[in-house]
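Heads up, the thing below is written out as structure tokens.
Quick look at the structure:
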């Protein structure tokens, strides 16, 4: 893998560039489509490509549980299994195990809306904490599918990810709750840092012969504490990683700041991926503060809920105003869905629970977000980023 | 609409030909894909086309209830609404109303497996009979969506279908239960015959200006009685229809015979459509006895159940033998799914309830049945029909 920076936005951490993998290049900044179970939900690989998506990120935790990395490997790895010829990522499984453990039922998500979790939710978090148990060696947890007892360690996360065979894989990390104390976060950071070194060692052991193309990204944690975020980034920067992921969950208001702390410490020449983030304002904030790539389930998830992105904001088209509209979702959009179907048809498909609506809305949303990031890249190259951002935000969030 | 016969199979009612509509031609015999609610379930129009499907049949009853024919008409009619540029059909709504009435909960389907319905099922049929009530003017029924009281008559079935604007529409008929007495069937036939004349009258009234392209097919009924089937066909043949549908439900063993009775009476020069039939053996039996086109939900319905057609018979690929198979569904198949995905991936998608499996399996099944009918057409043209049929049936049903 190589990373080349084309342009640094003046007086900013933002930059444009290109990541080149053995399965093709990714122009950055880029939005990476999520294909949790080796499928971008409701879309064929050709439909994903038609949205402008350059790469797909699959989930190690999900694929380990089902169908198992050996099945994927037997088909020739993730690319061949899902028939996606472009670049791929797998995450480390850390976030999913965190979701089963500390975050389970707590209402904690990647970007919190700002309010603290309620007492009820905290109680529930405690009672559910036993679904995943962390020790210095790794994490023990129960499968959400069949309750089977499983264990993830830095070593077997690397082994699983090497079998899956994505171009870019992530070190196994402990993703902490944003509500955890400084004391706990420091302890978690020490553990994650030790795990990072074990991941690199195992990765090097596995990176032989036909698996030598795989690149390993370290994952920066540290919750919402500046000192811990900077420490995490600074220490990981010293290790032999090909790039970095930024993990954890954020408050909407302080995400940009937390990303800035990290990106100020990370080496300029290596790519930075913001894990699981992807609403329009988050994307602008991330890029402005030094992020190169993002992944997020939102475009396909909100599609299955009948919601779409438009330049005038997010809309749910299952509501009655769209029942007889002959307009496309967005007249400014050039996606397959907007070029071929009007709102009255899409509204009808949603009301009739026809599977096709999930496909058509996912195509639109993925195209919208991918195009937005493409446009942001252009705005960096042309030094028009701030104008583009303020115009977009004013219209989208008015 | 024109219909041209290319070849009559020797000593048989089977023939090959072409129906030409204002939206394109249909080489016959042909399998028509079902798009109940103006969508072939889980497929984009391009995916439908990629299966070799030449035409789509939508349901009047469903579209009348939701979104309503006015919404469809506002978009320019069925073709524009669903973005299908090829030929289209709409059925009359008769079968669906029958399903709500006499057949409701009785286990009666298009092709019964042979056994009589149970007493329990018959009781249930009687208790549910009030969901639809037939009189000489039309049928009153309650919407299965919101319980709203609705009425279909020959006149408004024509009005609805003209608004939907398919190339080929069907006369409104009373579809009787195969368990109904000869006395009742005769009465129903008289009613359907009177309705046929009213449909033609209304159709002529509506066939002005830009709706002059629409062709009207009469629907032959008569249950399982030879005299009534022949009478129905003979009398409808005298009316000014552009073609004929053959309705009703059949026993698997006697379907071919019932079709033969009808096709011996119908004019040779007009196309014949067997409504709602489409399992491989039924298709062979239908074509052998004079059928030109079929429609059936089976290919997409069994796909959503994890089942696929193969030249070795029907298989459910959610079962464990397919868990790690690197083969495609059928090595002889050239569909998009078989060319790009192996069974272990498809099995994984089913097990993970990933929407994509419904799309990929529907593509395969629709391609399989469409290709089968294409091959039967070729076998008619080359006078190899009987050999082709016995080879296929021996392999498929062994």
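Chains as they are written, first to last, in this note's numbering: chain A, 20 to 417; chain B, 20 to 417.
Quick reminder that beta carbons are idealized off the backbone N, C-alpha and C, glycines included.
These numbers come from a predicted model, not from an experiment.
Contacts of residue i in chain B (Cβ-Cβ under 9 Å)
{"i": "residue 86/A", "result": "342, 343, 363, 364, 366, 367, 370, 371"}
Nonlocal neighbours in the same chain, by C-beta distance under 6 Å from residue i, ignoring five residues either side
{"i": "residue 94/A", "result": "100"}
{"i": "residue 178/B", "result": "none"}
{"i": "residue 146/A", "result": "Low confidence applies here, because residue 146/A scores a pLDDT of 40, under 50, leaving its location unreliable and the question unanswered by this model."}
{"i": "residue 319/B", "result": "60, 381"}
{"i": "residue 262/B", "result": "236, 289, 290"}
{"i": "residue 281/B", "result": "239, 248, 252, 265"}
{"i": "residue 23/A", "result": "36, 37"}
Residues near residue i by beta carbon distance below 8 Å, same chain, minus five either side
{"i": "residue 399/B", "result": "26, 28, 33, 34, 35, 48, 306"}
{"i": "residue 4/B", "result": "Limits of chain B in this structure are 20 at one end and 417 at the other, which puts residue 4/B out of reach."}
{"i": "residue 347/A", "result": "356, 357, 358, 360, 361, 362"}
{"i": "residue 433/B", "result": "No information on residue 433/B is available, as it lies outside the stretch 20 to 417 that chain B covers here."}
{"i": "residue 402/A", "result": "28, 29"}
{"i": "residue 343/B", "result": "363"}
{"i": "residue 368/A", "result": "375, 376, 379"}
Under 7 Å from the C-beta of residue i: neighbouring residues of chain A
{"i": "residue 321/B", "result": "By Cβ distance, chain A contributes nothing, its closest Cβ being about 15 Å from residue 321/B, past 7 Å."}
Whole-angstrom distance between residue j and residue i, CA atom to CA atom
{"i": "residue 191/B", "j": "residue 412/B", "result": "35 Å"}
{"i": "residue 405/B", "j": "residue 391/B", "result": "14 Å"}
{"i": "residue 60/A", "j": "residue 30/A", "result": "39 Å"}
{"i": "residue 225/A", "j": "residue 169/A", "result": "22 Å"}
{"i": "residue 246/B", "j": "residue 183/B", "result": "35 Å"}
{"i": "residue 21/A", "j": "residue 317/A", "result": "28 Å"}
{"i": "residue 104/B", "j": "residue 297/B", "result": "23 Å"}
{"i": "residue 66/A", "j": "residue 310/A", "result": "26 Å"}
{"i": "residue 131/A", "j": "residue 335/A", "result": "Low confidence applies here, because residue 131/A scores a pLDDT of 47, under 50, leaving its location unreliable and the question unanswered by this model."}
{"i": "residue 269/B", "j": "residue 173/B", "result": "24 Å"}
{"i": "residue 116/B", "j": "residue 366/A", "result": "25 Å"}
{"i": "residue 44/A", "j": "residue 106/A", "result": "7 Å"}
{"i": "residue 227/A", "j": "residue 150/A", "result": "35 Å"}
{"i": "residue 80/B", "j": "residue 389/A", "result": "40 Å"}
{"i": "residue 288/B", "j": "residue 264/B", "result": "14 Å"}
{"i": "residue 373/B", "j": "residue 329/A", "result": "26 Å"}
{"i": "residue 302/A", "j": "residue 260/A", "result": "24 Å"}
{"i": "residue 78/A", "j": "residue 211/A", "result": "19 Å"}
{"i": "residue 118/B", "j": "residue 199/B", "result": "14 Å"}
{"i": "residue 171/B", "j": "residue 83/B", "result": "10 Å"}
{"i": "residue 291/A", "j": "residue 321/A", "result": "26 Å"}
{"i": "residue 197/A", "j": "residue 323/A", "result": "28 Å"}
{"i": "residue 235/B", "j": "residue 353/A", "result": "38 Å"}
{"i": "residue 213/A", "j": "residue 258/A", "result": "11 Å"}
{"i": "residue 341/A", "j": "residue 349/A", "result": "12 Å"}
{"i": "residue 395/A", "j": "residue 387/A", "result": "12 Å"}
{"i": "residue 233/A", "j": "residue 180/A", "result": "9 Å"}
{"i": "residue 201/A", "j": "residue 221/A", "result": "30 Å"}
Chain B residues whose Cβ lies nearer than 8 Å to that of residue i
{"i": "residue 94/A", "result": "345, 361, 363, 364"}
{"i": "residue 70/A", "result": "The premise fails here: residue 70/A is roughly 14 Å from chain B at the closest Cβ pair, so nothing lies under 8 Å."}
Partner residues on chain B for residue i, Cβ-Cβ distance less than 7 Å
{"i": "residue 374/A", "result": "60, 61, 374, 377"}
Where residue i meets chain A, residues with beta-carbon distance less than 8 Å
{"i": "residue 56/B", "result": "367, 368, 371, 373"}
Close beta carbons around residue i, own chain, < 7 Å, minus the five adjacent residues each side
{"i": "residue 418/B", "result": "Only positions 20 to 417 of chain B appear in this structure, which leaves residue 418/B out of reach."}
{"i": "residue 256/A", "result": "284, 285, 286"}
{"i": "residue 142/B", "result": "A caution first: residue 142/B carries a pLDDT of 37, below 50, which makes its placement in the model unreliable, though a value can still be read off. Excluding residues within five positions, none has a Cβ falling inside 7 Å."}
{"i": "residue 110/B", "result": "76, 78, 79, 189, 294"}
Proximity below 8 Å, CB of residue i to CB of residue j
{"i": "residue 266/A", "j": "residue 238/A", "result": "yes"}
{"i": "residue 187/B", "j": "residue 55/B", "result": "no"}
{"i": "residue 76/B", "j": "residue 382/B", "result": "no"}
{"i": "residue 193/B", "j": "residue 215/B", "result": "no"}
{"i": "residue 385/A", "j": "residue 74/A", "result": "no"}
{"i": "residue 162/A", "j": "residue 152/A", "result": "no"}
{"i": "residue 370/B", "j": "residue 85/A", "result": "yes"}
{"i": "residue 325/A", "j": "residue 415/A", "result": "no"}
{"i": "residue 58/A", "j": "residue 375/B", "result": "yes"}
{"i": "residue 71/A", "j": "residue 393/A", "result": "yes"}
{"i": "residue 176/A", "j": "residue 96/A", "result": "no"}
- Task: Using a Cβ-Cβ cut-off of less than 8 Å, give me the residues of the stretch 91 to 117 of chain A that come near chain B, in sequence order.
- Result: Along the stretch 91 to 117 of chain A, the positions whose C-beta sits under 8 Å from a C-beta of chain B are 93, 94, 100, 101, 102, read in chain order.
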